[in-house]
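S.K.: Top to bottom, those sequences are chains B and R.
The first sequence begins at 1 in the working numbering and counts up one residue at a time.
The second sequence begins at 1001 in the working numbering and counts up one residue at a time.
Sharing a structure below in structure tokens format, with a few things to ask.
2 protein chains.
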Amino acid sequence: MTNDPRIAARLHVADGLSGATLTLDAARAHYLRNVLRLAPGARIAVFNARDGEFAATITALTKNAASVALGERRRPPQAEPDLWLCFAPIKRARLDTMVEKATELGVARLIPVFTRHTVMERVNGERLAAIATEAAEQSERLAVPIVEPATDLARLLDDWPADRALIVADESGGGLPIAAALAALSGPLAVLTGPEGGFARDEFERLARHPSVRRVGLGPRILKADTAAIAALAVVQAVAGDGAQAPRFIAEDATSPASG
Amino acid sequence: MTNDPRIAARLHVADGLSGATLTLDAARAHYLRNVLRLAPGARIAVFNARDGEFAATITALTKNAASVALGERRRPPQAEPDLWLCFAPIKRARLDTMVEKATELGVARLIPVFTRHTVMERVNGERLAAIATEAAEQSERLAVPIVEPATDLARLLDDWPADRALIVADESGGGLPIAAALAALSGPLAVLTGPEGGFARDEFERLARHPSVRRVGLGPRILKADTAAIAALAVVQAVAGDGAQAPRFIAEDATSPASG
Chain B
1 MTNDPRIAAR LHVADGLSGA TLTLDAARAH YLRNVLRLAP GARIAVFNAR DGEFAATITA
61 LTKNAASVAL GERRRPPQAE PDLWLCFAPI KRARLDTMVE KATELGVARL IPVFTRHTVM
121 ERVNGERLAA IATEAAEQSE RLAVPIVEPA TDLARLLDDW PADRALIVAD ESGGGLPIAA
181 ALAALSGPLA VLTGPEGGFA RDEFERLARH PSVRRVGLGP RILKADTAAI AALAVVQAVA
241 GDGAQAPRFI AEDATSPASG
Chain R
1001 MTNDPRIAAR LHVADGLSGA TLTLDAARAH YLRNVLRLAP GARIAVFNAR DGEFAATITA
1061 LTKNAASVAL GERRRPPQAE PDLWLCFAPI KRARLDTMVE KATELGVARL IPVFTRHTVM
1121 ERVNGERLAA IATEAAEQSE RLAVPIVEPA TDLARLLDDW PADRALIVAD ESGGGLPIAA
1181 ALAALSGPLA VLTGPEGGFA RDEFERLARH PSVRRVGLGP RILKADTAAI AALAVVQAVA
1241 GDGAQAPRFI AEDATSPASG
């Protein structure tokens, strides 16, 4: 369940990494005991963005709680990219894919944005946060993306921070190709994607007029909303983000890493 | 179901676009009749890579067959990217996502490659071809990617065409960042991704020694196999592919396009 064969699990724990022992909640105990089938003595890692990542050994494991003894610090806290994804909620399976992939690609904030053609009537922020947490655990991140309360497009644009460029895919061909657009940008970035049916005409016109919006092209094919989000984030990180950093691979004696 | 409000469906049809009428098979008839709930008189589009795309009007529609009258040509045949994705089969939901996204991102050939740590014992080429066909229909492609018969890693590398670079994600940090690696490449490209557990050590060493392999870094986070494939393909198209081309958006009077 981890990329380091010396540990059996990697868990995000928001608080309590400064002591000698730690008690995990029932959900975590269930995961360690019934999903991973671990027992006392098993080595895991626990982490959060403020404290970094620590080795830990399971000392007690019941149906409802787990205790671990904290060991050495494996990684210090460390800055992660300041990249946001604003997205119209889409149908569940694709939304889950989008949130998982956005987390793997290093997004710091996930902002649900209702638009005219958005079919979904609500968004389950807790479920999205759980998906983001699991993806952060498995992708070796220290920070879990923050799932913001849902907003709507008008409010998002009214309150938009002036220093952050908002990248919007434009299938009409009205934008620069994304690689060229990114080369002309500095400062923090966000990506915005629409619902399955796209933005309404007046929404798109409003986006085009907004001073922070950069319309970009993602090539000649029409992409689904989740694909557009994932593709844009991948290109942002590769061209203008932390794509030049190597993985923080800890285990010197691990089997050869790959794109698993 | 299409990006052009003037047509109700866009169907890939391998043969028969040179006549005045066309008979569609039972699966297509079912899709038009029971999924899209169309009736005779509805306007659709039919396409393939050899003939281009044509307007068509449904003239008869029963449970088992549909007939259409072919109209004007909407698009001539046109070259599409010569980009391959070689992939170790992964679990079904992620494999389906990978094939769909790879098709949207313009892949021409999908090549399943069994490796030491591949958990899946077989790959259903027909199912993958159906997913690729649907993704091609919805992404406005003219060509449907070819799903090749499965091979294994040794055979893939033995038979590899010398002029095509094979891009492999390297989480050990041993490769150039993907954007830098692409800047140094010319000629046709392929991306190779491993199974959930990654490549075995000797497989990875063999890859590293192969003259066509270019190991690349996809940033500091560990990506799942499907994410790695989608991210690498998105960056390839944006940096070294057809990412600078605008969508071939046909409908001048369509609602404002977006990343739907």
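Glycine included, each C-beta is placed from N, C-alpha and C at the ideal position.
Between which two residues does the beta strand (DSSP E) carrying R/F1054 extend?
M.R.: Taken as a continuous stretch (DSSP letters only), the beta strand (DSSP E) holding R/F1054 covers G1052 to L1061.
S.K.: Tell me which residues share the same chain as B/G16 and place their Cβ nearer than 6 Å to its Cβ, disregarding the 5 neighbours each side in the sequence.
M.R.: Hits under 6 Å: L22.
S.K.: Taking buried to mean at least 16 other C-beta atoms within 10 Å of its own C-beta, is B/R122 buried or exposed?
M.R.: Result: exposed.
S.K.: Leaving aside the five residues before and after B/I178 along the sequence, list all residues of the same chain whose C-beta is less than 7 Å from its C-beta, in chain order.
M.R.: Hits under 7 Å: V216, G217, L218, A232 and V235.
S.K.: What distance in whole Å lies between the Cβ atoms of B/E205 and B/R10, which are believed to be in contact at a cut-off of 8 Å?
M.R.: Not quite, the Cβ-Cβ distance comes to about 46 Å (not below 8 Å), so this is no contact.
S.K.: If B/K101 and B/I230 are in contact, beta carbons under 8 Å, what's the gap, nearest whole angstrom?
M.R.: With 8 Å as the limit, B/K101 and B/I230 qualify as a contact, their Cβ atoms being about 5 Å apart.
S.K.: Look at R/V1113 and R/A1129 and say whether their C-beta atoms are less than 8 Å apart.
M.R.: For R/V1113 and R/A1129, no; Cβs fall outside 8 Å.
S.K.: Please compile the residues from chain B whose C-beta is within a distance smaller than 7 Å of the C-beta of R/L1085.
M.R.: Those within 7 Å of R/L1085 in chain B number zero; the least Cβ separation is about 12 Å.
S.K.: Is B/E126 close to chain R? Criterion is C-beta to C-beta, closer than 8 Å.
M.R.: Not closer than 8 Å to any Cβ of chain R, the Cβ of B/E126 fails to qualify, so no.
S.K.: Can you tell which of B/R43, B/L83, B/K91 and B/F87 has its C-alpha closest to the C-alpha of B/G71?
M.R.: Selected option, being the one with the closest Cα: B/R43.
S.K.: Any residues in the stretch 231-252 of chain B with a beta carbon nearer than 9 Å to a beta carbon of chain R? Which ones, in chain order?
M.R.: Answer in chain order: A231, A232, L233, A234, V235, Q237, A238, V239, G241, D242, G243, A244, Q245, A246, P247, R248 and F249.
S.K.: Could you name the residues of the same chain whose beta carbon sits closer than 7 Å to that of B/R239, not counting the 5 residues immediately before and after it, in chain order?
M.R.: Looking at the sequence itself, residue 239 of chain B is Val, so the reference to Arg does not match. Correct list, in chain order: A179 and L182.
S.K.: Is any heavy atom in the ligand NAP found nearer than 7 Å to the beta carbon of B/L182?
M.R.: Among the components of this structure there are no ligands whatsoever, and the ligand NAP is therefore not found.
S.K.: Cβ of R/R1075 less than 8 Å from any chain B Cβ?
M.R.: With 8 Å as the cut-off, R/R1075 does not count as an interface residue toward chain B.
S.K.: Just confirm the distance between the C-beta atoms of R/L1110 and R/A1132, as a whole number of angstroms; I'd bet it's less than 8 Å.
M.R.: Between R/A1132 and R/L1110 the Cβ distance is about 7 Å, and since that is below 8 Å, they are a contact.
S.K.: Closest Cβ-Cβ distance between B/L218 and chain R: below 8 Å?
M.R.: By this cut-off, B/L218 is an interface position.
S.K.: Name the two residues that bound the continuous alpha helix (DSSP H) containing R/A1229.
M.R.: A1225 to A1240 is the extent of the alpha helix (DSSP H) around R/A1229.
S.K.: Name the chain A residues that come within less than 7 Å of B/E104, Cβ to Cβ?
M.R.: As a matter of chain content, chain A is missing from the structure shown, whose protein chains are B and R.
S.K.: So with CB distances below 8 Å, who are the chain R contacts of B/R179?
M.R.: In the sequence as presented, Arg is not what sits at residue 179 of chain B; that position holds Ala. Result: A1238, V1239, G1243 and A1244.
S.K.: Answer yes or no: does any C-beta atom of chain B fall closer than 8 Å to that of R/N1003?
M.R.: For R/N1003, the answer is yes, since a Cβ of chain B falls inside 8 Å of its Cβ.
S.K.: At 7 Å on the CB atoms, spell out the chain B contacts of R/R1209, in chain order.
M.R.: Under the 7 Å cutoff, chain B gives no residues; its nearest Cβ is about 13 Å from R/R1209.
S.K.: Tell me the DSSP secondary structure of B/I7 in three-state form.
M.R.: Of the three classes helix, strand and coil, the one that applies to B/I7 here is coil, per DSSP.
S.K.: Within the chosen definition, does the stretch 23-38 of chain B reach the stretch 71-83 of chain B through at least 3 CB pairs nearer than 8 Å?
M.R.: No, the stretch 23-38 of chain B is not in contact with the stretch 71-83 of chain B.
S.K.: If I measure Cβ to Cβ from B/Q78 and keep anything under 7 Å in the same chain, skipping five residues before and after, which residues do I get?
M.R.: Within the same chain, B/Q78 has close Cβ partners L142.
S.K.: Out of R/L1153, R/L1083 and R/V1099, state which residue places its alpha-carbon closest to the alpha-carbon of R/T1115.
M.R.: Nearest option by C-alpha distance: R/L1153.
S.K.: Given a cut-off of 8 Å on the beta-carbon distance, is the pair B/A169 and B/A228 in contact?
M.R.: Contact: yes.
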